[in-house]
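Trainee:
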Amino acid sequence: MSINEIYLLWSESAAISAVIWAVLLVTLTYLARNPMHKMIQAVAALIQHAFKQASTSLSEAEKRLTQRNTEVLIAEGQEASEHEIEREFERIHNIVEKDLAEYPTLHRKINDVVTQMDEDYKHSADVPPEAPGWAKAVDAVAKITTSKNDPMVGDILDSIHGSMEKNHEKTLEEYRKASRERHMLLQKMQPAWRGMNKDLKQVDQDVNALLERIKVVDRHMESYEKIIHETDTAKKTLSSSSLTQFFVAGFVLAIAIGGAMINFNLIARPMQEMVGGSSTMMGYKVANIAALVIILVEVAMGLFLMESLRITRLFPVIGAMKDSMRIRMVFITFAILLMLASVEAGLAYMREILSQDDAALRASLLDGAAQAANASDLSDRWITTAAQMGMGFILPFALVFVAIPLESFIHAARTVLGMAAVTVLRSLSFTFELSANSAHYLGQMLVSVYDLLIFIPLWIELKIKGAQPQAKKKGASGFNPLDTQTMEVSS
Amino acid sequence: MKYLWIIFVSSLLLAGCDNQDHKEGPTTKGVYMLLDTSGTYTQELVKAQHLINFTLAKLNPGDTFAVARVDTASFSEKDIIAKVTFDDRPSIANRQKRQFREKVDAFVKSVKSSGYTDITGGILQAVEYLNEANVGKKTILIFSDLKEELKKGYVRDIPLQLQGFNVVALNVTKLRSDNIDPREYMDRLQKWEERVNAGEGTWKVVNDMERLESIILD
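Sequence lines, in order, name chains A and B. The first sequence begins at 0 in numbering that gives the first Met the number 0 and counts up by one. The second sequence begins at 0 in numbering that gives the first Met the number 0 and counts up by one.
(1) Can at least three beta-carbon pairs, one atom from the region 119 to 133 of chain B and one from the region 88 to 102 of chain B, be found at a separation below 8 angstroms?
(2) How many Å lie between P89(B) and W381(A) at the Cα?
(3) With distances taken between CB atoms, is the gap from P408(A) to G257(A) smaller than 8 angstroms?
(4) Taking 8 angstroms as the threshold (beta carbon to beta carbon), is N133(B) in contact with chain A?
(5) Which partner residues of G29(B) appear in the DSSP bridge assignment?
(6) Going straight from the alpha carbon of D156(B) to that of L265(A), what length do you get?
(7) Below 7 angstroms on C-beta distance, what does Q387(A) contact in chain B?
(8) Determine whether the beta carbon atoms of L169(B) and V205(B) lie at a separation below 8 angstroms.
(9) Reducing DSSP to helix, strand and coil, say where R68(B) ends up.
(10) Measure from the C-beta of S277(A) to each C-beta in chain B and report whether the shortest distance is under 8 angstroms.
(11) Around the C-beta of G120(B), are 16 or more other C-beta atoms found within 10 angstroms, so that it is buried, or is it exposed?
(12) Quick check on T182(A): buried or exposed, where buried means 16 or more other Cβ atoms within 10 Å of its Cβ?
(13) For S222(A), count neighbouring Cβ atoms within 10 angstroms of its own Cβ and tell me buried if that reaches 16, exposed if not.
(14) How do the region 433 to 449 of chain A and the region 43 to 62 of chain A stand: do at least 3 beta-carbon pairs fall below 8 angstroms, yes or no?
(15) What does E272(A) touch in chain B if you count any residue whose Cβ is under 8 angstroms from its own?
(16) Would you kindly report the start and end of the unbroken beta strand (DSSP E) that includes V83(B)?
(17) Measure from the C-beta of L364(A) to each C-beta in chain B and report whether the shortest distance is under 8 angstroms.
(18) Just curious, the beta strand (DSSP E) that L169(B) is in, first and last residue?
(19) I'd like to check one pair, G345(A) with D87(B): are the Cβ atoms closer than 8 angstroms?
(20) Within 10 angstroms of the Cβ of L394(A), are there 16 or more other Cβ atoms? Answer buried if so, exposed if not.
(21) Rounded to whole angstroms, what's the CA-CA distance from N494(A) to K121(A)? Just pull it up for me.
(22) Can L44(B) and A67(B) be called in contact, C-beta distance under 8 angstroms?
(23) Tell me T54(B)'s beta-bridge partners as DSSP assigns them.
(24) Counting only beta-carbon atoms, is A56(B) nearer than 8 angstroms to chain A?
(25) In this structure, how does DSSP classify W20(A) when only helix, strand and coil are distinguished?
(26) If you draw a straight line from the C-alpha of L308(A) to the C-alpha of V296(A), how long is it?
(27) Establish whether the CB of R32(A) and some CB of chain B are separated by less than 8 angstroms.
(28) Run through the DSSP bridge pairs and tell me what D35(B) is partnered with.
(29) If I follow the unbroken beta strand (DSSP E) through K203(B), where does it start and stop?
(30) Could you spell out the range, first to last residue, of the alpha helix (DSSP H) harbouring M320(A)?
(31) Can you confirm whether Q19(B), when its beta carbon is compared against all beta carbons of chain A, has any partner nearer than 8 angstroms?
(32) Is K146(B) near T71(B), with beta carbons less than 8 angstroms apart?
(33) Identify the contact partners of N52(B) in chain A, using a Cβ-Cβ distance below 7 angstroms as the criterion.
(34) Return the chain-ordered list of same chain residues with a C-beta closer than 7 angstroms to the C-beta of M388(A), the five sequence neighbours on each side being excluded.
(35) Helix, strand or coil, according to DSSP, for F263(A) in the structure here?
(36) Along the region 88 to 114 of chain B, what residues have a CB closer than 8 angstroms to any CB found in chain A?
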């Protein structure tokens, strides 16, 4: 039986058939109204609960991840802060060891200078010459009145006068000599004063530098305390710092990768002379793999060198090594780097030779002997050769510094990826929440649409039931035919 | 986490540095060139010489190249004028290319025309040689007018086995008879195309030498 035959089952007229079918369908739909409403509600509730549960799970996962991210952020911030404080203490230690370790010597030196100056000062004291003891005797002789006209007395007095003159001159001479010596002593004291002044200024500078360092330590300690107490300011600062670090380090790493690619192109072709140009491994040319391995070994040596110098802290084992072993490692890694750089310079030279040979051969094959001669006779090729060799030698050392942005990038990436994961989880949670609500309202909408299809019988039912209170209707049927808001809104 | 980053950066470098296609099997190329030395076609050998030089310039270390003449009985190693599998090292490969060119130059100077043209024998020899060389991409270049003339008693009605082979007819000159009736020329090309396709090879005709580069490098 075809669809058309079924359609025209009741009457030959299509219109009458349509009306009969419509009445039949509306009646059946009206009769099935309650079970259909329940089914739509049940399906909507099922979808709503499933989405709701997924949303709740994701929300919890997001909270856990946020908590974990905060822990990691705080731990990293704490570690970085400890590192900075440690560095500051190292600097203070250096200042104390370098400058203030000599303080006892300096103190002794200043004491010596002060003692010396004290002695010199004492020696430079002005001692007046003593009056001659026999002046009183001369005075007594001079008072002898009876003998004033006595020539003998006159001779004696002349003699005394002469002696006194001589004595006076001698005393004056000695006094001048003593004064000169005192001046000499005072003059000698001048550089001692200046020296002492300089030493004291140095001490002042050292102490000030120490005080500055202590202020920096105080600042770091303050920041460290904030991190320990997990304050919001500390979290925001650390988070912002991580993002900045991530992008800056990523940018520098991109530059480093560019440098590594240039390096690769410098040595890949001459590598064919060493390991062959056509053999492949896992689909890649062995020469290319060898060139890449050399570059990666250089990067690895750079990492070890930076680690040994305690500039980076990617490998705790190296950081925990004895100082003597660490310094040995610095020399070993540097020596390996130097050798690799020399090898690269050699390979760059080989590359230039091969390029020249290729150019000459190509020219002789394609353009004849004249151009071949021109191709092989380029006297200014030494510039490119030297440039290539220089790059081959320098780039390995430049790659050493990749370790610094790499460390920053790795540390920042953990935080940034964590934040990205939190954002994704939050978005998913929101989407599921939205879907749960959509399912709920879609259920309501379907119930309304269902009732819309059977609005005629519903209207008749309403008219029959008359003006009964709406609440009673609800109680009687368990479901209000014209009110789709009875579904529980659980959002 | 740290090591994951290192692996990621290494992979990025390897992917970024290497721009070769990575296919299974050997990646080297093998080219076998047949030179028609019959009749007046020997005059075209100077063109062939340029073509050989061009091919030499385009081949890389590890590739295989052979040049053979087409004469009365071409299914023979004796007809191979020069053959080489280039060394892995570029400097040695360049030296081999120079030696190869010298051999070809010497041949072109001393070549004598043959009475018959056994192209099928040459192709059979090329197939055998390139299969032995175990190369990735196999190309047979036929520098000829494609008019096969066999000596009485020579059997060449043999189906060709050309799976994986590209057969390229180069510089297919028109004979005087072709000018009188171009259908002869077209029939000749059609016949060879059918034979190659029947052998599951691919067929191409290149009379413009500038297009050869894409064929060799493809």
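For every residue, glycine included, the Cβ atom is placed at its ideal position computed from N, Cα and C.
Mentor: Put simply:
(1) no
(2) 21 angstroms
(3) Reading off the sequence shown, one finds Phe at residue 408(A), where the question assumed Pro. Taking 8 angstroms as the Cβ cut-off, F408(A) and G257(A) do not qualify as a contacting pair.
(4) no
(5) T63(B), K137(B)
(6) 54 angstroms
(7) Correct list: empty, because the minimum Cβ distance to chain B is about 16 angstroms.
(8) yes
(9) strand
(10) yes
(11) buried
(12) Checking the sequence, you will find His at residue 182(A) rather than Thr. Exposed.
(13) buried
(14) yes
(15) R88, P89, S90
(16) 79 to 84
(17) yes
(18) 164 to 169
(19) no
(20) buried
(21) Outside the displayed range of chain A (0 to 490) lies residue 494(A), so it cannot be described from this structure.
(22) no
(23) Answer is none; T54(B) lacks a bridge partner.
(24) yes
(25) helix
(26) 18 angstroms
(27) no
(28) V69(B)
(29) 201 to 205
(30) From DSSP, M320(A) is part of no alpha helix (DSSP H); its letter is neither H nor E.
(31) With a pLDDT of 46 at Q19(B), under the threshold of 50, the predicted position of this residue should be treated as unreliable, and no value is reported.
(32) no
(33) L364, L365
(34) A344, A347, Y348
(35) helix
(36) R88, P89, S90, A92, N93, K96, R97, R100
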